[in-house]
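Student: Quick one: the structure is below, questions incoming.
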């Protein structure tokens, strides 16, 4: 079993509530979303592993038998990195809970974008993550979901 940590502080939501049809249909992979607290935050690595991809608004970490994508907000690629500060390096090994990106959900929201954070287990079937914790608060670094790896 692998604990997947929450990259942000906020309220747990099912991916189906993400205002993006690709994430909502779990085409990227199953997982959960976090409606982030509207304050500056540091997004952390959800699992230990290698940072396979790193952009200011999103990152993927490949661990032992699991890969997880964290996407900070909807359509945030359009911001060109504005409002995000990358704290890690692509290709680096990180421990779960390590700081990866500093960002401010209020900046994202001010640009008429949703700041919701998607956490997806890559290369897995849709519907594989229970949504029974939806509506519960979660702090950055706390277990968001447990994956049977």
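In UniProt numbering, the protein residues as written are 1 to 149.
Where is the CB? At the ideal position from N, CA and C, for every residue including glycine.
(1) Mind checking which residues open and close the alpha helix (DSSP H) that includes residue 224?
(2) Can the beta-carbon of residue 76 be found less than 8 Å from the beta-carbon of residue 57?
(3) So, helix, strand or coil for residue 21, using DSSP?
(4) Could you give the residue range of the alpha helix (DSSP H) that holds residue 33?
(5) In whole angstroms, what separates the C-alpha of residue 117 from that of residue 19?
(6) Check each candidate in 3, 5, 66, 62 and name the one with the smallest Cα separation from residue 125.
(7) Please report the distance separating the alpha-carbon of residue 86 from that of residue 143.
(8) What is the rounded straight-line gap between the Cα of residue 22 and the Cα of residue 28?
(9) What three-state label does DSSP hand residue 14 in the structure shown?
(10) On the DSSP letters alone, give me the boundaries of the alpha helix (DSSP H) that residue 109 sits inside.
(11) Report the three-state DSSP secondary structure of residue 87 (helix, strand or coil).
(12) So what's residue 5 in DSSP terms, helix, strand or just coil?
(13) What are the residues that DSSP puts in a beta bridge with residue 27?
Tutor: Based on what the coordinates show:
(1) Limits of the chain in this structure are 1 at one end and 149 at the other, which puts residue 224 out of reach.
(2) It is a contact, given that the beta carbons lie within the stated cut-off.
(3) Three-state DSSP puts residue 21 in a helix.
(4) Under the DSSP assignment, residue 33 falls outside any alpha helix (DSSP H), being part of the beta strand (DSSP E) whose first and last residues are 31–36.
(5) Approximately 11 Å between the Cα atoms of the pair.
(6) Ranking the options by Cα distance to residue 125, first place goes to 66.
(7) A direct Cα-Cα distance of roughly 23 Å separates residue 86 from residue 143.
(8) Between residue 22 and residue 28, the C-alpha separation is close to 7 Å.
(9) It is a strand residue.
(10) Start and end: 105–110.
(11) Note: residue 87 maps to coil in three-state DSSP.
(12) Note: residue 5 maps to strand in three-state DSSP.
(13) Residue pairing by DSSP places residue 27 in no beta bridge whatsoever.
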